[in-house]
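*Asks:* Numbering (my numbering), first residue to last: 6 to 262.
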């Protein structure tokens, strides 16, 4: 090693020694107390929010919540009218011995009908413009001689008859357990029509010398099979819809002559 290098090394060592002697090193006991204090502070910061609440703060918050709920119950004692509907809210808080609060809300709407409100619609889904008339009125308003069935089961009777634009006459029959609709639509000249049935069985039958289509379709809501018979004869489009037995439905269709 060169003399200059030795001199430089000695100077560095002396400088570091002087610097270390001038530094203040606290006692070891003070250092350990500082470390323990920092660890306790870190634990408090990392605690969940709800653990940092003391009992007094928790009781104060619960009191505020109960106060708001009490005000809500008082304000809900009377029914509130909104858009002519009456809503009544009943709140039961802490109804059981459990620590969790249970809130029960019930609502009801019983508006009174307006005095000029029309009567409810009949049991049948009538089309727009379909007018309920008597049999005599139907004969006068219809543009064709519609036909009544000459055969009906004993417990089936005519409920209503309707006319639409003078070219369509519908007959609605009822029994305690079954329904029957006979539609007759007068269409002078040529025409075309289409029908859509889902999950249905179809077969061809003869009705008074005319070819007809018989469709059987299961109704999942009533649990019954519904029969549709469609045919055209003498410029009249016939349609029969019923949940009666297929044999009886065919007998009714063939009695329209």
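Using N, Cα and C, we set each Cβ at its ideal position, and we do this for glycine too. On a predicted model such as this, the values are computed, not experimentally measured, just so you know.
1. Are the Cβ atoms of residue 161 and residue 178 separated by less than 8 Å?
2. What separation, rounded to the nearest whole angstrom, lies between the Cα atoms of residue 94 and residue 187?
3. So what does DSSP say about residue 91, is it helix, strand or coil?
4. Exposed or buried, residue 217, counting other C-beta atoms within 10 Å across all chains shown (16 or more means buried)?
5. Could you compute how far the alpha carbon of residue 180 sits from the alpha carbon of residue 234?
6. Quick check on the DSSP output: the beta strand (DSSP E) that includes residue 166 runs from which residue to which?
7. Which word fits residue 254, buried or exposed, when buried means at least 16 other C-beta atoms lie within 10 angstroms of its C-beta?
8. Are residue 243 and residue 261 close, meaning C-beta to C-beta below 8 Å?
9. Could you tell me the alpha carbon to alpha carbon distance between residue 247 and residue 221, rounded to whole angstroms?
10. Quick one: residues in its chain with C-beta nearer than 6 Å to the C-beta of residue 263, no 5 flanking neighbours on either side, listed in chain order?
11. Taking all protein chains shown into account, decide if residue 227 is buried (16 or more other Cβ within 10 angstroms of its Cβ) or exposed.
12. Please state whether DSSP places residue 14 in a helix, a strand or coil.
13. Taking the alpha-carbon positions, what's the residue 169 to residue 136 distance?
14. What's the call for residue 200, buried or exposed, on a 16-neighbour Cβ count within 10 Å?
15. Considering Cα atoms alone, identify which of 22, 38, 236, 172 is closest to residue 143.
16. What are the boundary residues of the beta strand (DSSP E) that residue 262 is part of?
17. Among residues of its own chain, excluding the 5 on either side of residue 151, which ones have a beta-carbon nearer than 6 Å to its beta-carbon?
18. With DSSP collapsed to three states, give me the class of residue 188.
19. Apply the 10 Å Cβ neighbour rule to residue 147 and answer buried if 16 or more other Cβ atoms are within range, or exposed otherwise.
*Replies:* If we stick to the structure as given:
1. Residue 178 sits close to residue 161, with the two beta carbons spaced by under 8 Å.
2. Legend: pLDDT at residue 94 = 40, less than 50; position of this residue unreliable, value from coordinates given subsequently. About 49 Å.
3. Here the model assigns residue 91 a pLDDT of 39, short of 50, so the residue's position is not dependable, and the following value carries that caveat. Looking at residue 91 - three-state DSSP - the assignment turns out to be strand.
4. Buried, since its Cβ has 16 or more Cβ neighbours within 10 Å.
5. Cα-Cα distance, rounded: 20 Å.
6. Element bounds for residue 166: 162-169.
7. Answer is buried; the Cβ neighbour count reaches 16.
8. Contact flag set, yes.
9. One C-alpha to the other measures close to 10 Å.
10. Because the chain in this structure spans residues 6 to 262, residue 263 falls outside the shown range and cannot be described.
11. Result: exposed.
12. Of the three classes helix, strand and coil, the one that applies to residue 14 here is helix, per DSSP.
13. Take the alpha-carbon of residue 169 and the one of residue 136: they are about 6 Å apart.
14. Taking every protein chain shown into account, the CB of residue 200 has fewer than 16 other CB atoms within 10 angstroms, so this residue is exposed.
15. Nearest of 22, 38, 236, 172 to residue 143, Cα basis: 172.
16. Looking at the DSSP string, residue 262 is not in any beta strand (DSSP E), and its letter there is neither H nor E.
17. In its chain, beyond the 5 residues on either side, 174, 189 have a beta carbon closer than 6 Å to the beta carbon of residue 151.
18. Of the three classes helix, strand and coil, the one that applies to residue 188 here is strand, per DSSP.
19. Buried.
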